[in-house]
Amino acid sequence: MKRSIGEIAFDTANICLMLVLGFVTLYPFWYVVALSFHDSAVTSYFDVYFWPKVFTLDNFRIVFVTNALIDGFVITILRTVIGALSSVLMCGLLAYGLSKKYLIGRTLFLNIVIITMFFGGGLIPFYILLKNLMLLNTFWVYIIPSLLNAWTVILMKTYFSNLPESIEESAKVDGANDLTIFFKIIVPMSMPLIATMLLFAAVGHWNDWVSGEMFVMDPKLLPVQTILMRMITQVNASAMIQQSMSMEFVAKSPAIESIKMAAIVVTTVPIILVYPFLQKYFVQGVMIGSVKG
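In the UniProt record's numbering, the protein residues as written are 1 to 293.
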């Protein structure tokens with residue numbers, strides 16, 4: 001079928017528009033990567049447009065010998081792994097209980113969960129609560145407040161409610177209790193949804209810098225995102241980095257802007273690499289949890 005001039009013009013304009021939008025979206029990320037490999041001590045980072053003018057790996061070497069960043073990476077990895085696993089576990093247990101129609105007070109408990117999606121106590125009451133619980137300036141301030149997420153609970157509850165009841169009844173006939181059924185039957189049947197929720201929780205923990213900025217004073221407990229935010233925003237970021245570097249790197253350290261970009265790349269790449277491994281579960285998990293019921 002021969003296409004009209006109008007259709008050809010529309011498709012051409014549409015392709016051009018998509019290319020422009022794609023370039024505008026991707027270029028900032030590419031610029032950060034290019035600048036991270038650029039030696040700003042030789043030429044200004046304003047000379048970088050698409051690739052480094054003077055290629056160097058010193059920026060990344062400095063990142064990996066900066067004690068503050070290394071400690072931050074350890075804290076971030078620990079909170080991401082522990083926080084994501086514990087959060088999905090707690091949300092799954094609560095959702096499994098709420099999915100049972102015979103649970104006394106089920107509607108009340110579900111409404112309490114839903115209310116937290118729309119109303120919060122505010123930052124100051126939350127800070128006072130953490131202080132009274134003695135969580136301030138501890139590693140657990142990253143874990144305990146994020147154990148339950150209302151959206152995750154509702155999504156998992158919707159999925160669990162639509163699993164065949166006959167499977168659980170058969171397991172109970174064989175003598176299995178609720179925990180055995182949950183871990184050995186429900187969890188394996190819900191892997192697409194669980195993998196998706198783990199991904200959401202892990203990304204949330206990895207990218208969170210607010211908790212470290214507001215609730216932690218010990219520099220050794222700060223996550224890498226909080227340290228990176230301070231590097232980018234504070235005027236004395238150069239001094240902060242040099243205090244944590246070995247003397248051999250202080251003498252020949254490049255400009256601070258390239259080090260910042262290298263730190264951004266290093267903190268962004270790990271969480272991006274997680275997506276390909278969970279991609280097959282991603283769409284399936286969200287669609288199953290949201291459409292059923």
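For each residue, glycine too, the CB sits at the ideal point set by N, CA and C.
Just so it is clear, the structure is predicted and the values come from calculations on it, not from any experiment.
DSSP places residue 171 in the uninterrupted alpha helix (DSSP H) bounded by 165-173. In terms of Cα proximity to residue 265, the closest of 199, 156, 34, 74 is 34.
In terms of Cα proximity to residue 130, the closest of 95, 120, 24, 145 is 145. In the three-state reduction of the DSSP assignment, residue 182 falls in the helix class, which pools H, G and I. Checking the DSSP bridge columns, you'll see residue 205 has no partner listed. Around the C-beta of residue 257, 16 or more other C-beta atoms lie within 10 Å, and the residue is accordingly described as buried.
Look at residue 55 here: in three-state DSSP terms it is strand. Residue 24 and residue 31 have their C-alpha atoms roughly 11 Å apart.
Under the 10 Å beta carbon count, residue 3 is surrounded by fewer than 16 other beta carbons and is classified as exposed.
Just so you know, the alpha carbons of residue 143 and residue 92 end up roughly 16 Å apart. Remark: C-beta atoms of residue 152 and residue 211 do not approach each other more closely than 9 Å. Remark: three or more beta-carbon pairs, one from each stretch, lie closer than 8 Å, so the region 62-82 and the region 212-224 are flagged as touching. Counting other Cβ atoms within 10 Å of its Cβ, residue 174 stays below 16 and is therefore classed as exposed.
Residue 144: not part of any alpha helix (DSSP H); DSSP gives it neither H nor E.
Annotation for residue 139: no alpha helix (DSSP H) segment contains it, and DSSP assigns it neither H nor E. When rounded, the separation of the alpha-carbon atoms in residue 202 and residue 196 is 10 Å.
Sorting 114, 82, 77 by C-alpha distance to the C-alpha of residue 94 places 114 at the top.
Of 188, 125, 224, the smallest CA-CA separation from residue 205 is found for 224. Here the region 155-166 does not lie against the region 53-63, with fewer than 3 beta-carbon pairs under 8 Å apart. In this structure, the alpha-carbon of residue 121 lies about 10 Å from that of residue 127. A buried status is given to residue 262, since no fewer than 16 other beta-carbon atoms sit within 10 Å of its beta-carbon. For residue 115, the enclosing alpha helix (DSSP H) begins and ends at 106-118. In this structure, the CA atom of residue 62 is about 46 Å from the CA atom of residue 189. Distance from the CA atom of residue 12 to the CA atom of residue 229, rounded to whole angstroms, is 42 Å.
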